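Q: Starting off with a structure, shown below.
In my numbering, the protein residues as written are 863 to 1078.
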């Protein structure tokens, strides 16, 4: 498939489908229901169905451009940005495994694991869906504030419990709308069955500086 000039949209249902785009040919997007790797000169990739097809791979992979890659609502995808300043979204029920690669990336996740890679990356904790288990965290595997990594402050909302925001020991959540940034060893934490809490694990740090949160 070749779109020519302008902003083109390609619907892909087979990983072997080929898209051919020229440089400076607009902002193009592939919409897929299978695992797919963006070809050269195509910027964006998204899943246009609720699930990725079983047996067709679950990896959504970018290229050297500034990509925006969005996962599925009900399939946990591996989303890799590679080079460029990418925006990766694992905002479905099961989140995603996000890897920004090189560049200053924005990684938006509900639960699952996020790895920014080299560069100053922004980690965004998206709102959990109603049926997501309350005690499943979003884990940032390589948070490095010295490289400019930051956490978006939007997850704090208006219902935060400031006393329980930063912690490194054992914690009990006993109400909804509490948020937590948890460092080093993810020791035991528990939630009530009805609570829907936001938990961010930063396993590589011994402490947390609130200035690493970017106000929304």
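C-beta: ideal position from N, C-alpha, C; glycine also. Remember, predicted model here, so these are calculated numbers, not experimental data.
Am I right that residue 972 and residue 957 are in contact with their C-beta atoms under 8 angstroms? What's the rounded C-beta distance?
A: 4 angstroms
Q: How many angstroms separate the CA atom of residue 1050 from the CA atom of residue 910?
A: A caution first: residue 1050 carries a pLDDT of 47, below 50, which makes its placement in the model unreliable, though a value can still be read off. Rounded to whole angstroms, residue 1050 to residue 910 spans 37 angstroms at the Cα level.
Q: Run through DSSP, which three-state label would residue 1005 get?
A: coil
Q: Near residue 1012, which residues of its chain fall below 6 angstroms by C-beta distance, leaving aside the five closest residues on each side in sequence?
A: 984, 1074, 1076
Q: So is residue 886 buried or exposed if we call it buried at 16+ other beta carbons inside 10 Å?
A: Exposed, since its Cβ has fewer than 16 Cβ neighbours within 10 Å.
Q: Which residue wins for smallest C-alpha separation from residue 975, given the options 1063, 959, 988, 989?
A: 959
Q: Indicate the three-state DSSP secondary structure (helix, strand or coil) for residue 953 in the structure shown.
A: coil
Q: Quick one: what's got a C-beta closer than 6 angstroms to residue 961's C-beta in the same chain, skipping five residues either side?
A: 942, 977
Q: Within this structure, are the beta carbons of residue 890 and residue 870 separated by less than 7 angstroms?
A: yes
Q: At the level of alpha carbons, what is the spacing between residue 952 and residue 986?
A: Distance between the alpha carbons of residue 952 and residue 986: 10 angstroms.
Q: Helix, strand or coil, according to DSSP, for residue 1032 in the structure here?
A: Caution is warranted here: a pLDDT of 49 is assigned to residue 1032, below 50, making its placement in the model unreliable, and the coordinate value is therefore given only provisionally. If DSSP states are grouped into helix, strand and coil, residue 1032 belongs with coil.
Q: Hey, how far is the Cα of residue 1064 from the Cα of residue 867?
A: For residue 1064 and residue 867, the distance between alpha carbons rounds to 44 angstroms.
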